[in-house]
Every structure is written in C-alpha cells, then in structure tokens.
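Take the sequence shown: its position 79, counting from 1, is numbered 78 in numbering that gives the first Met the number 0, and each next residue is one higher. Backbone N, C-alpha and C fix where the C-beta goes; we use that ideal spot for every residue, glycine too. Below you'll find the structure, written out as structure tokens, and then a few comments.
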Amino acid sequence: MHMERALELAREAAARGEVPVGAVLVGPEGEVIAQAGNATIAQGDPTAHAEMLCLRQGARTLGNYRLTGCTLYVSLEPCAMCAGAVVWARLERVVFAAYDPKAGAYGSALDLGAVPSLNHQPLVQGGLLADEAAEILREFFAARR
0 MHMERALELA REAAARGEVP VGAVLVGPEG EVIAQAGNAT IAQGDPTAHA EMLCLRQGAR
60 TLGNYRLTGC TLYVSLEPCA MCAGAVVWAR LERVVFAAYD PKAGAYGSAL DLGAVPSLNH
120 QPLVQGGLLA DEAAEILREF FAARR
C-alpha cells in the first residue's frame, strides 16, 4: 500500500519533468505523516529529493527531528545524502523498490548500513515492487534521450 503510493508520487514527479522518485513516511502507528516526489527542478534545490522532503515534513508534523519508530518507503534506493539524513533522523526502517547501481547508498554503489561507527542504523529492505519502479525510471530516461 505505501510503496504503491510512492510509485504514484514517482509518476507524478516524472509528469513534472523531475526524476521519478517518490517517498512516503509512515509514523509509528502506521499513519502517513509525509509524502513527496522529487522536486529539485521545481524548487531549484539539489537537496529536494523525495526522501529529504518527507523527512523535513515529518519532522515538522511530529515536532521533532528524531523520527524514531517511523518507516520510509521510497521508489529508488536512497543516495548517500538521503541515507545520511535517515541516520540523523533515527528512522527505524527504510523500504525501497529499485536498486540504484550508480548512486544507491544501501548496498549498490556504497553501503552506509555497513558503517559500524555511525550512531544509528535503520533496518533496510530493498526490492519491494522493484520491477515496476525500474520501469518508471526506464520510461522517463528513454523519453529524454
């Protein structure tokens, strides 16, 4: 259910000309507390990745930058910036769809989950609805070539 929504948000981002990544932040009680698609172009902000937008909105909603007990569902494996923010936010869990061999920071290009000196490590699950997420990305980039 939450990953399906992340994929919808990725499609919406693609329709706006943004790289199609969507994310949904779910609170400790299973409630959606934030959702976003990439908005780097619209906001003129290189940090406006779907994950970062969700973390910012979630922190405002909960009134705390520590998002303990929360789960982030994202259509693409988070990059190093987003994975680092997940650590600082103390998320309990990250679930992503497609792996990103060029920039993924949870096992593909690098693995922040394997850095023992970090003060927090979320549980990470990759590959949920990966084929569908990868197809959204393929279609987007094929149309750009």
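Would you call the stretch 31-40 in contact with the stretch 3-12, where contact means no fewer than 3 C-beta pairs closer than 8 Å?
The answer is yes - the stretch 3-12 touches the stretch 31-40, with three or more Cβ pairs under 8 Å.
Fill in: Whole-angstrom C-beta distance between E91 and T67, which should lie under 8 Å
Taking the sequence shown and counting its residues from 1, one reaches residue 67 at position 68. Taking the sequence shown and counting its residues from 1, one reaches residue 91 at position 92. So it is a contact: roughly 7 Å between Cβ atoms.
Burial state of L29, where buried means 16 or more other Cβ atoms lie within 10 Å:
Working through the sequence shown from its first residue, we reach residue 29 at position 30. The sequence as given places Gly at residue 29; Leu does not occur at that position. When all chains shown are included, G29 counts as exposed.
- Does DSSP put L71 in a helix, in a strand, or in coil? Counted from its first residue, the sequence shown places residue 71 at position 72. L71: strand per DSSP, three-state reduction.
Discussion item. My assumption, with CB atoms under 8 Å, is that V25 sits in contact with C81. Please give the rounded CB distance.
Written reply: Against the sequence shown, residue 25 aligns to sequence position 26. Against the sequence shown, residue 81 aligns to sequence position 82. Contact annotation, V25 with C81: C-beta distance approximately 16 Å; criterion of less than 8 Å not satisfied.
Selection from V94, R143, R65 and N63 that minimises the alpha carbon distance to E3: In the sequence shown, counting from the first residue as 1, residue 3 sits at position 4. If we check each option's Cα against that of E3, V94 comes out closest.
Please state whether the Cβ-Cβ distance between V123 and Y105 is less than 8 Å.
As a position in the sequence shown, residue 123 is number 124, starting the count at 1. As a position in the sequence shown, residue 105 is number 106, starting the count at 1. Yes, the Cβ-Cβ distance between V123 and Y105 is below 8 Å.
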